[in-house]
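A.B. asks:
Protein chains: 4
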Amino acid sequence: MIKAGIIGATGYAGAELVRLLLGHKETEIKWYGSRSYIDQPYGDVYRNMFQLVDASCMDDNLEALADQVDVIFTATPQGFLASVLNEGILSRAKVVDLSADYRIKDVAVYEKWYKIGHKSPQFIDEAVYGLCEINREQVKKARLVANPGCYTTCSILTAYPLVKEGIIDPDTLIVDAKSGTSGAGRGAKTQNLFCEVNENMKAYGVASHRHTPEIEEQLGYAAGHPITISFTPHLVPMNRGILATEYAKLNRKPDGSLPSYEEVKAVYDKYYKEEKFVRVLEKDVFPETKWVEGSNYTDINFKIDERTGRIIMMGALDNLVKGAAGQAVQNMNLLFGLDESEGLDLVPMFP
Amino acid sequence: MIKAGIIGATGYAGAELVRLLLGHKETEIKWYGSRSYIDQPYGDVYRNMFQLVDASCMDDNLEALADQVDVIFTATPQGFLASVLNEGILSRAKVVDLSADYRIKDVAVYEKWYKIGHKSPQFIDEAVYGLCEINREQVKKARLVANPGCYTTCSILTAYPLVKEGIIDPDTLIVDAKSGTSGAGRGAKTQNLFCEVNENMKAYGVASHRHTPEIEEQLGYAAGHPITISFTPHLVPMNRGILATEYAKLNRKPDGSLPSYEEVKAVYDKYYKEEKFVRVLEKDVFPETKWVEGSNYTDINFKIDERTGRIIMMGALDNLVKGAAGQAVQNMNLLFGLDESEGLDLVPMFP
Amino acid sequence: MIKAGIIGATGYAGAELVRLLLGHKETEIKWYGSRSYIDQPYGDVYRNMFQLVDASCMDDNLEALADQVDVIFTATPQGFLASVLNEGILSRAKVVDLSADYRIKDVAVYEKWYKIGHKSPQFIDEAVYGLCEINREQVKKARLVANPGCYTTCSILTAYPLVKEGIIDPDTLIVDAKSGTSGAGRGAKTQNLFCEVNENMKAYGVASHRHTPEIEEQLGYAAGHPITISFTPHLVPMNRGILATEYAKLNRKPDGSLPSYEEVKAVYDKYYKEEKFVRVLEKDVFPETKWVEGSNYTDINFKIDERTGRIIMMGALDNLVKGAAGQAVQNMNLLFGLDESEGLDLVPMFP
Amino acid sequence: MIKAGIIGATGYAGAELVRLLLGHKETEIKWYGSRSYIDQPYGDVYRNMFQLVDASCMDDNLEALADQVDVIFTATPQGFLASVLNEGILSRAKVVDLSADYRIKDVAVYEKWYKIGHKSPQFIDEAVYGLCEINREQVKKARLVANPGCYTTCSILTAYPLVKEGIIDPDTLIVDAKSGTSGAGRGAKTQNLFCEVNENMKAYGVASHRHTPEIEEQLGYAAGHPITISFTPHLVPMNRGILATEYAKLNRKPDGSLPSYEEVKAVYDKYYKEEKFVRVLEKDVFPETKWVEGSNYTDINFKIDERTGRIIMMGALDNLVKGAAGQAVQNMNLLFGLDESEGLDLVPMFP
C-alpha cells in the first residue's frame with residue numbers, strides 16, 4: 001500500500017482527493033493536513049465522510065510527513081510549498097503539488113502573474129508539468145509533479161493536437177472559459193455566497209488571470225515557439241465543471257482550402273484515440289459539463305466555420321477531478337508504476 | 001458473472017442502475033431495454049456513457065430477456081410489470097421491480113391509490129418488500145423483489161426504530177418530505193422545465209400521494225397494527241436528494257417524563273449500529289442531502305422538543321441511489337449471496 | 001414627500017427597501033446607513049443601483065437621522081435598535097424596525113430565545129406588531145412598528161383565520177417552513193457559500209428557532225389563549241421565497257363531521273377576500289414561491305385530509321418583500337395615511 | 001389609453017409583456033392571444049397573474065384584433081406573422097413583432113438561416129429594426145417594428161460604438177454569449193428539463209445560430225460594409241440573463257499605439273452617456289447578469305489587453321426584458337410618442 005499525506009485536505013480540491021483515494025485500492029491516507037482545523041475530526045468538517053474517515057486533521061509539517069508517507073499531495077495556497085520544500089523532503093517522498101508553484105518554468109513570469117516571490121526556484125527545473133496525456137513519460141521518472149490548473153488542463157487538452165500539428169494559428173487563439181463555483185474555493189467571501197452567484201453570470205480576471213501564462217507556456221512548447229493568447233474565465237452558477245470554448249484561425253492548405261472535418265478529426269484521433277480519459281465526441285455533439293461530472297474524463301469536440309475560416313474547439317471536464325484531484329491521482333499512479341486509471345474508474349453522474 | 005437486464009434503462013433510475021452496475025465487479029449488463037429508443041446507441045441517449053457502453057437499446061420483451069439473464073430490473077411505469085409477469089419468467093430469472101406493482105399487499109389499496117387494475121395479483125404474496133435493512137433475510141430467499149419507493153425508503157427508515165419500539169405514537173406521525181427533481185422522471189412536461197422548477201418550491205400530491213399507503217403499510221407492520229399518517233411531498237430545485245422531516249408525539253414513560261436523548265439514540269443504535277448504509281449522525285447534527293449525494297447512505301437524526309412533547313426526526317438520502325437504483329443493487333447482492341455492499345462503496349460527492 | 005432613512009441599507013432586506021422606495025412616489029431616501037461601508041457609494045455595494053442611487057453610505061447615528069427624516073427603517077442585527085432608541089428619537093420620527101427587538105411583548109421570552117438582554121423594554125408596550133392585515137388600525141396610530149419576521153408573516157397569515165375561528169386545534173399546529181437563502185443574510189459564512197447551499201437541503205434551528213415564540217404569541221392572541229407549536233425551518237437552494245406547510249387537527253363539528261372545503265374556504269374569505277396582498281388560491285391549486293417572487297403577495301391554500309382528520313395549510317411569500325421590506329413599506333403607508341399599496345404594485349416575476 | 005393585443009401571450013416573452021404592460025400607465029391589454037390555451041383564464045396559465053388578470057386566452061386572429069387595438073405585439077414562432085400580415089392590418093394597428101420575420105432585410109439570408117420561405121417579403125423594407133438606442137427616429141415613424149433578438153440586442157449594443165467609430169476591426173469580432181434558459185422558451189422538451197440544464201453548461205448552435213446574420217447585418221451598417229463574425233451561444237443554468245463576451249483586434253493609431261482606456265471610454269460615452277437604459281460601468285467593473293435582472297438595462301464594459309492587442313467587451317441584459325418584452329414596450333412608447341421609459345422604470349432585483 002502506498003501511504004499518502006494531504007496538505008490542505010479541507011479545501012474542495014483536498015476533499016476531492018480524499019474522496020478519490022478512499023476508492024483507490026493501492027493507497028492509504030495517513031495524514032489529513034489542515035492548518036485551520038487541527039485536531040478536529042475530518043468527518044466533522046466534511047460530513048459526507050462521516051464514518052468513512054476516522055482521522056482528525058493534522059498540521060502542515062512536511063518534514064514530519066515526509067517520514068511517514070510515500071507521496072505528499074499539496075492542495076495549498078500559492079507560495080506555500082515553495083516556501084517549505086527542500087531536498088530532504090524530496091528525497092524521502094514524492095510530491096504532487098496542486099498549487100501553481102512549480103508549473104511555470106520562468107520564475108519572472110511566475111512572480112509577475114502571481115505577485116509573490118518564489119522561495120525555492122532551484123526545484124522548478126526538475127518539476128514535471130503533470131498533464132498526463134502529454135508528459136506521461138517524464139512524470140513516471142519525476143520526484144516533483146506540478147499538477148496543472150483546472151482551466152489550463154481543459155484549455156490545453158482542447159487545443160493541443162491542433163497547435164502541435166500546425167492546424168491552427170496559435171496567436172489567434174481565444175479561450176473563453178466557464179467554471180463552476182467550486183473552483184473559487186471554500187473561503188468565506190461575500191462574492192461567493194449562494195445569493196451572489198446563483199442566477200448570475202460574470203467574467204472575472206479579464207486579461208489578467210493567472211492561468212494565462214500557464215496555457216501559453218504549454219501550448220508554446222507544442223507550437224515550437226512562444227505564443228500569446230486571450231483567456232477569459234467566467235463564473236457559472238453550478239458547483240462543478242469547466243467548459244472551454246476556444247476560437248482560432250485555421251491554417252489554410254497549400255491550395256487555399258480549409259482542412260476538412262475528417263482531417264481535423266484525424267489529428268485529434270492521433271493524439272487521443274488511445275487516451276482513456278480524453279473522449280473526442282461524435283460529429284456535431286458538443287461537450288456538456290454534466291456528462292463528465294464526478295469523473296476524470298475530458299470531453300472534446302470542434303466545429304469548422306467555413307464562413308470565418310475559424311475553428312471552434314470545445315472541451316469540458318470536472319474541475320475538481322481531471323482539473324485537480326483526479327489528475328493528481330493519475331500522476332500518482334504514474335509515479336508509482338500503477339495502472340494509470342486505478343481509483344479513477346468513475347462513471348460520470350447524470351443527472 | 002451475473003448477467004443483468006434492465007427494462008426502462010433510459011429513465012433516470014434506469015440510467016443510475018447502469019452507472020452503478022458498470023462499477024459492480026460481479027455483474028455484466030446484457031440488455032439495455034428502452035421502448036422509446038430501440039436500436040439507438042445507449043451512449044447517444046446518455047452521453048455520460050459515451051465509450052463506456054457500446055450497446056444499443058433493445059425492446060422490453062421479458063420473455064426473451066429471461067432466457068439470457070440471471071436478474072431483470074424493471075424501472076418501468078406502474079402497471080407494466082404486473083401486465084407481463086408470469087411464472088415462466090420468474091422461474092428463469094430473478095426480478096427486482098423498481099415500480100410500485102408489488103409493493104402493496106392489499107390489491108384494493110393499490111388499485112385505489114394508483115387508479116389502475118392489477119393484472120397479476122397472484123404474485124403479490126410472494127413478492128418481498130426490498131427494504132434491505134428491515135427485510136434482509138426474506139429478500140435473500142425471494143424470486144421477486146418489490147424495490148421500495150424513494151420517499152418511502154427515506155420516510156420509513158427515519159421513523160422505523162421508534163415505531164417498532166413504541167417510542168412514538170404512530171398515528172400522530174406527519175412526514176413532510178422534500179425531493180430533488182430527478183424524482184419526477186425524464187418525461188418532457190412543462191412543469192418540470194428548468195425555468196418552472198428553478199427558484200421555486202411547492203407541495204404537490206397533498207393528502208393524495210401514492211407513497212402514503214406504502215409508508216403506512218410498512219410502518220403498520222412495525223407498530224403491530226394499521227396506522228394512518230400525513231405525508232406531503234415537495235419539489236425542490238435540485239437534481240438529487242430527499243429530505244424527510246417527520247413529526248410525532250413521544251409516548252411518555254410511566255413516570256410521565258419524555259424519553260431522553262440517550263434513550264432514543266439507543267433505540268436507533270439498536271437497529272442501525274451495524275448497518276453500513278444507515279448513518280445516525282452525532283447529536284444536533286442534522287442530515288443534509290448533499291452529504292449523501294451519489295451514495296447509498298441514508299443519514300438520520302432527531303431532536304426532542306420538550307416544549308411540545310414531540311420528536312422531530314430527519315432523514316436524507318439520494319433518491320436515485322438508496323431511493324432507487326442503489327437499493328435495487330443492494331437487493332440483487334442479497335438475492336445472489338454477494339457482499340451486500342458490492343458496487344455500492346460510493347463516497348458521497350461534495351460539493 | 002416623506003423623507004426616509006435606512007439603517008442597515010446594505011443587508012439584503014435593506015437593499016430591498018431601497019429597491020421598493022425608489023419606486024414609491026411619495027418617498028425620498030435621505031440616508032443610506034451602513035456601518036460597514038461608510039463613505040462608499042451605495043451603487044458600488046449594490047451595483048444593480050448604479051446610476052440609480054448617487055448617495056454614499058452613512059453611519060448609523062439615529063439621533064442625527066431623526067432630525068432629517070420622517071421615518072426610520074432599521075434593518076439591523078437583534079439588539080441594535082433596543083440599545084439606541086429613546087423618546088427623543090421617537091418624538092421626531094416614526095420608526096419601522098425590521099429586527100425582532102419589539103416584536104415580543106414578554107421581555108423574558110425575548111431574552112430567552114434571543115440570548116441577549118433587552119436595553120429598552122419601556123418601548124415594548126407601545127410598539128405595534130406590524131402584520132398589516134391583522135393589526136392595520138393600530139399601525140395607523142403607532143410611532144414604533146415591529147415589522148414581523150419572514151417566517152412568521154408566512155406562518156401566521158396561513159393559519160390565522162382558522163385559529164381565530166376555532167376551525168383547528170392550535171396546539172396540534174406544526175409548521176414546516178422552507179426558505180430561500182437570502183433569509184440568511186449577506187454575511188460571509190462558509191455555510192452560506194454557493195457550493196454548500198446549492199444542490200442541498202437541510203433543516204436548521206430545529207425546535208429552537210427564534211421565530212417560534214413570535215408565531216406562538218400572535219396565534220395565541222387569535223386563539224384567545226397561549227399556544228405551543230412546532231416550527232422547523234429549512235434552507236432551500238434558491239434566492240428568495242418562503243413556503244410554509246402547516247398541519248393541524250380540524251375541530252369536528254357537533255355532529256362529529258369535519259368541516260367541508262366550502263366551510264373552510266368561507267373562513268379564509270371572511271378575513272382575506274378584501275385583502276389585496278393575500279390571495280387565497282382556487283381549489284387544489286397549491287402555492288409556489290415563484291408565483292409571488294418580487295411581489296408583496298402571500299398566496300395561501302389548504303387541503304382537508306379526511307383520512308387523518310387534519311388540514312394541510314400552505315402559504316408562500318417572498319421573504320424579502322412581504323417577509324421584510326415590502327411589509328415595512330406597507331406599514332409606512334399606513335403610518336402616513338397613504339394608499340396602503342403605494343410602491344407595492346409589483347407584479348410577481350415569472351420565470 | 002393605448003389598447004394593446006398580444007399574440008403569443010403564454011410564452012415566456014409574452015408573459016413578460018403582460019407583466020410590463022400591467023405596470024404601464026398608458027396601456028390596457030385587450031387581447032391575450034394563445035392558440036394553445038384558448039378560453040382558459042390567463043391567471044390559470046401564469047398563476048403569478050392570479051387576481052391581476054381576469055381575462056381568458058383568445059385565438060390569434062389578427063384581423064379581428066386589428067379592429068380592437070392600437071398596437072399588436074406578436075411573440076410568435078418564426079414565420080407566423082409573415083404568413084398573416086397584410087396591408088389592412090397594418091393600416092389599422094401598429095405591429096411590434098418579437099419574432100425574426102422582419103429583422104433581416106435580405107430575404108435570401110432570412111430563408112437560408114431560418115430554413116423557411118418568407119410569406120410577405122413586401123413588408124420587409126418598411127419594417128424598422130427596433131433597437132431603440134440606434135434607430136430611435138425611424139421607430140417613431142414606423143408602422144411595423146422588428147423587435148431585435150435577445151442575443152443580438154446584447155451583442156450589438158456591446159460592440160456598436162467601437163465598430164461605428166472604427167476602433168476595432170469588425171472582421172476579427174468573436175461573440176461568445178451565455179444565456180439563461182428562459183431564452184429556450186416554454187416548450188416541453190427533454191433538453192430543457194430542470195435535471196438536464198441544472199449543474200450543466202454547453203454551447204449550442206455552434207457556427208450556425210440564427211442570430212448571427214442579424215448581428216452581422218446591424219454591425220455591418222455601423223461598419224459601413226458587410227462583416228462576418230463568429231457567434232457562439234451557450235446555455236447557462238439560470239432563468240434569466242444574457243452575458244456577451246466579445247473579442248476583437250483594436251485598430252492601432254497612426255503612431256502604432258493602441259487606443260487608451262480613456263479614448264475607448266470616450267467613444268462609449270459619446271453613444272451611451274445620454275441613454276437611460278445603457279449603463280457603461282466604471283473602470284474594471286465587469287457586467288453581471290444579476291445586476292440587470294428584471295430591468296430594461298444593458299450593462300456594458302471593456303478591457304484593453306495590451307499583450308494581444310485585443311479588446312474584450314462585455315455586455316449583460318435580461319433576455320426577457322431588454323432582450324424581448326422590455327424593448328418591445330420601449331418601441332411602443334416611441335411609436336405612440338410617450339415617454340420612452342414609461343412602464344420600464346424597473347429597478348433590477350438583487351438577489
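Residue numbers (the UniProt record's numbering), protein chains in the order written: chain S, 1 to 351; chain D, 1 to 351; chain Z, 1 to 351; chain G, 1 to 351.
Just so it is clear, CB atoms sit at the ideal spot from N, CA and C, and this is done for glycine as well.
Bear in mind that the values here come from a model prediction, so they are computed numbers and not experimental data.
According to the Cβ coordinates, are Phe350(S) and Asn198(Z) closer than 8 Å?
C.D. replies: The answer is no: Cβ separation not under 8 Å.
A.B. asks: So for Phe80(Z), helix, strand or coil by DSSP?
C.D. replies: In this structure, Phe80(Z) counts as helix in the three-state DSSP scheme.
A.B. asks: Can at least three beta-carbon pairs, one atom from the region 301-308 of chain D and one from the region 328-338 of chain D, be found at a separation below 8 Å?
C.D. replies: Flag = no, the region 301-308 of chain D and the region 328-338 of chain D do not touch.
A.B. asks: Compare the Cα-Cα distances from Ala207(D) to each of Val292(Z), Tyr247(Z), His209(Z), Ser179(Z) and report the closest residue.
C.D. replies: Of Val292(Z), Tyr247(Z), His209(Z), Ser179(Z), the residue nearest in Cα terms is Tyr247(Z).
A.B. asks: For the ligand SAH, is there a heavy atom less than 7 Å away from the beta-carbon of Tyr32(G)?
C.D. replies: With respect to the ligand SAH, the structure shown offers nothing to examine, as it has no ligands at all.
A.B. asks: Below 8 Å, can you find three or more Cβ-Cβ pairs linking the region 173-185 of chain G to the region 230-250 of chain G?
C.D. replies: Contact between the region 173-185 of chain G and the region 230-250 of chain G is present, because at least three Cβ pairs lie under 8 Å.
A.B. asks: From this set, Tyr268(G), Ile2(G), Ser260(G), which residue's C-alpha is nearest Leu162(G)'s C-alpha?
C.D. replies: That would be Tyr268(G), whose Cα lies nearest to the Cα of Leu162(G).
A.B. asks: Which residues does DSSP pair with Pro233(S) in a beta bridge?
C.D. replies: The partner list for Pro233(S) (beta bridge, DSSP) reads Ala177(S).
A.B. asks: Per DSSP, what kind of secondary structure is Ala266(S) in: helix, strand or coil?
C.D. replies: Ala266(S) falls in the helix class under three-state DSSP.
A.B. asks: Which chain C residues are close to Glu199(D), counting only those with a beta carbon under 7 Å from its beta carbon?
C.D. replies: Annotation note: the requested chain C is absent from the structure, which comprises protein chains S, D, Z and G.
A.B. asks: Taking the alpha carbon of Leu20(D) as the reference point, which residue from Ala325(D), Val347(D), Met238(D) has its own alpha carbon closest?
C.D. replies: Here the closest residue by C-alpha is Ala325(D).
A.B. asks: Measuring alpha carbon to alpha carbon, tell me which residue in Trp31(G), Val53(G), Glu87(G), Met49(G) is nearest Asn61(G).
C.D. replies: Selected option, being the one with the closest Cα: Trp31(G).
A.B. asks: Helix, strand or coil, according to DSSP, for Asn301(D) in the structure here?
C.D. replies: In the structure shown, Asn301(D) sits in a strand (DSSP, three-state: E or B).
A.B. asks: Using DSSP's beta-bridge definition, name the partner residues of Ser91(Z).
C.D. replies: DSSP lists no partner for Ser91(Z).
A.B. asks: So for Ile116(Z), helix, strand or coil by DSSP?
C.D. replies: If DSSP states are grouped into helix, strand and coil, Ile116(Z) belongs with coil.
A.B. asks: According to a CB-to-CB cut-off of less than 8 Å, which residues of the region 229-247 of chain S neighbour chain G?
C.D. replies: Here the close residues are Ile229, Ser230, Thr232, His234, Val236, Pro237, Met238, Asn239, Arg240, Gly241, Leu243, Thr245, Tyr247.
A.B. asks: Would you grab the beta carbon distance between Ile104(G) and Pro170(G) for me? Rounded to a whole angstrom, and I think it's under 8 Å.
C.D. replies: No, Ile104(G) and Pro170(G) are not in contact; Cβ-Cβ is about 18 Å, not under 8 Å.
A.B. asks: Entirely within the region 130-189 of chain S and at least 4 residues each: give me those alpha helix (DSSP H) ranges in chain order.
C.D. replies: DSSP runs (the alpha helix (DSSP H)) wholly in the region 130-189 of chain S: 132-140, 150-164.
A.B. asks: Relative to the C-alpha of Asp93(D), which residue among Thr172(D), Gln40(D), Glu63(D), Val292(D) is closest?
C.D. replies: Before going further, note that residue 93(D) is Ala rather than Asp in the sequence given. Selected option, being the one with the closest Cα: Glu63(D).
A.B. asks: Can you check the region 193-247 of chain Z for any beta strand (DSSP E) of at least 3 residues that lies completely inside it and give the ranges in chain order?
C.D. replies: List check, beta strand (DSSP E) in window: 230-235.
A.B. asks: Using a C-beta to C-beta distance shorter than 9 Å, which residues of chain Z count as neighbours of residue 356(S)?
C.D. replies: Not covered by the structure: residue 356(S). The range shown for chain S is 1 to 351.
A.B. asks: So which residues on chain S does Pro348(D) lean against when the C-beta distance must stay under 7 Å?
C.D. replies: Near Pro348(D) (Cβ distances below 7 Å), the residues of chain S are Asn48.
A.B. asks: Tell me, please, whether the region 70-82 of chain G touches the region 112-131 of chain G by the rule of three or more beta-carbon pairs shorter than 8 Å.
C.D. replies: Contact holds: three or more Cβ-Cβ distances are below 8 Å.
A.B. asks: Taking DSSP's pairing of strands, which residues face Glu28(G) in a bridge?
C.D. replies: Lys3(G), per the DSSP bridge assignment.
A.B. asks: Skipping 5 residues on each side, what residues in its chain have a beta carbon closer than 7 Å to that of Glu342(D)?
C.D. replies: Contacts found: His24, Lys25, Glu26, Asn333.
A.B. asks: Tell me whether the region 268-284 of chain Z and the region 209-228 of chain Z touch, counting them as touching only if at least three CB pairs, one residue from each stretch, are closer than 8 Å.
C.D. replies: No, they do not touch.
A.B. asks: Can you say whether His118(D) is buried or exposed, counting buried as having 16 or more other CB atoms within 10 angstroms of its CB?
C.D. replies: Under this definition His118(D) is a buried residue.
A.B. asks: Are Asp106(D) and Thr74(D) close, meaning C-beta to C-beta below 8 Å?
C.D. replies: Cβ atoms of Asp106(D) and Thr74(D): not closer than 8 Å.
A.B. asks: Would you say Pro287(G) lies against chain S (beta-carbon separation less than 8 Å)?
C.D. replies: Chain S, which has a Cβ nearer than 8 Å to the Cβ of Pro287(G), makes this yes.
A.B. asks: Quick check on this structure: which residue in Arg143(S), Tyr160(S), Arg310(S) has the alpha carbon closest to the alpha carbon of Gly88(S)?
C.D. replies: Gly88(S) has its Cα closest to that of Arg143(S), out of Arg143(S), Tyr160(S), Arg310(S).
A.B. asks: Show which residues of chain D have a CB atom less than 8 Å away from the CB atom of residue 439(G).
C.D. replies: Past the boundaries of the shown model lies residue 439(G); chain G is included only from 1 to 351, so the question cannot be answered.
A.B. asks: CB-CB under 7 Å to Arg186(S), same chain, minus the five flanking residues each way: which ones, in chain order?
C.D. replies: Around Arg186(S): Gly11, Tyr12.
A.B. asks: When DSSP labels each residue in this structure, what does Gly315(D) get in the three-state scheme?
C.D. replies: Correct three-state label for Gly315(D): strand.
A.B. asks: Going by Cα to Cα distance, which pick from Ala188(D), Lys140(D), Ile174(D) is closest to Asn331(D)?
C.D. replies: Considering only alpha carbons, the answer is Lys140(D).
A.B. asks: Here's the rule: buried if 16 or more other CB atoms are within 10 angstroms of the residue's CB, otherwise exposed. What is Gln327(G)?
C.D. replies: Buried.
A.B. asks: By the three-class DSSP mapping on this structure, what secondary structure does Glu274(G) have?
C.D. replies: Coil.
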